[in-house]
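> Encoded as structure tokens, here's the structure I'll be asking about.
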Amino acid sequence: MSEPELRRVDSRVVYRNRWMTVREDRVRRISGEDGLFGIVDKPDFSLIVPFDGERFHLVQQYRYPVDGRFWEFPQGSLEGEPDASPEAVATVELQQETGIIAGKLEPLGKLFQAYGYSNQGVHVFLATGLQEGEANPEAEEHGMINGSFSRRECEALIDEGSIADLATLAAFHLFDRHARRWGGDNVAGMQTSL
Numbered sequence: 004m005s006e007p008e009l010r011r012v013d014s015r016v017v018y019r020n021r022w023m024t025v026r027e028d029r030v031r032r033i034s035g036e037d038g039l040f041g042i043v044d045k046p047d048f049s050l051i052v053p054f055d056g057e058r059f060h061l062v063q064q065y066r067y068p069v070d071g072r073f074w075e076f077p078q079g080s081l082e083g084e085p086d087a088s089p090e091a092v093a094t095v096e097l098q099q100e101t102g103i104i105a106g107k108l109e110p111l112g113k114l115f116q117a118y119g120y121s122n123q124g125v126h127v128f129l130a131t132g133l134q135e136g137e138a139n140p141e142a143e144e145h146g147m148i149n150g151s152f153s154r155r156e157c158e159a160l161i162d163e164g165s166i167a168d169l170a171t172l173a174a175f176h177l178f179d180r181h182a183r184r185w186g187g188d189n190v191a192g193m194q195t196s197l
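In our numbering, the protein residues as written are 4 to 197.
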């Protein structure tokens, strides 16, 4: 086994709240040089691509750090259940944010949100066999709205900057790869790429 490129020498927490911890790590490179990393520790989250065979179901909410409202796939984590499986998180988040219950959840992949400074991962799921119900958003999701869009409409939202979430954009790519692998260029009669 080879020696790691970076080894943590020391670590200290510089900030903590109920959603994240920010720590500062002193590291030593394989060359012997010292370095410093600021790391944001956040729990993984699940992102769900609800697809009914023709349309994608998205949510729009206000995102305070960037002072804007954007469309995105339903996503989140269960603050009170840090050990919940990604599938369980996906099931709860989909129902809370959209009211939709999925007949089937398929994992599309695991990505990292911003691995240059955070260890947070995102588990991406395709939800099919959708049954609509009543949404039950959390207090932090006040003002969230739902919508369903064709692929062409999603592309237009991306072009105009109304979809700007990196995880959502990456999930479209994972969806397309999945569709090509298992259904050719056509999934349930819907052309996946324009």
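Beta carbons: idealized from backbone N, C-alpha and C, even for Gly.
Smallest Cα separation from S165: which of R15, V62, P53?
Minimum Cα distance to S165 is reached at V62.
> Below 8 Å on the Cβ atoms is my guess for L129 versus F178; work out the distance and round it to an integer in Å.
That belief holds up - the Cβ atoms of L129 and F178 are roughly 6 Å apart, short of 8 Å.
> DSSP state of A173, grouped into three classes?
If DSSP states are grouped into helix, strand and coil, A173 belongs with the helices.
> Could you tell me which residues DSSP puts in a beta bridge with D28?
The partner list for D28 (beta bridge, DSSP) reads S14, F40.
> Taking all protein chains shown into account, do 16 or more other C-beta atoms lie within 10 angstroms of the C-beta of E96, making it buried, or fewer, making it exposed?
Per the 10 Å Cβ criterion, buried.
> Within 8 Å, do at least three Cβ pairs link the segment 134-145 to the segment 31-40?
Touching, no, given that fewer than three Cβ pairs across the two stretches are closer than 8 Å.
> Report all residues from its chain with a CB closer than 6 Å to the CB of W74; omit the five preceding and five following residues, and keep chain order.
Cβ neighbours of W74 beyond the five flanking positions: L61, Q63, L160, S165, I166.
> With 16 other CB atoms within 10 Å as the buried threshold, where does P89 fall?
Buried, by the Cβ-count rule.
> Nearest to G112 by CA position, among R184, L9, A174, is which residue?
Per the Cα distances, A174.
> Along the alpha helix (DSSP H) that carries Q64, what are the first and last residues, could you check?
Q64 -> not in any alpha helix (DSSP H); beta strand (DSSP E) instead, spanning 59-66.
> Going by C-alpha to C-alpha distance, which of S151, E143, R72, V127 sits closest to H181?
Ranking the options by Cα distance to H181, first place goes to V127.
> According to DSSP, is L81 part of a helix, a strand, or is it coil?
Three-state result, L81: coil.
> Buried or exposed, going by whether 16 or more other CB atoms sit within 10 Å of the CB of S34?
By the neighbour-count rule (16 or more Cβ atoms within 10 Å), S34 is not buried but exposed.
> Given this structure, state the Cα-to-Cα distance separating R58 from H176, to the nearest angstrom.
Their backbone Cα atoms lie some 16 Å apart in a straight line.
> Could you compute how far the alpha carbon of E163 sits from the alpha carbon of R154?
Each residue's alpha carbon lies about 14 Å from the other.
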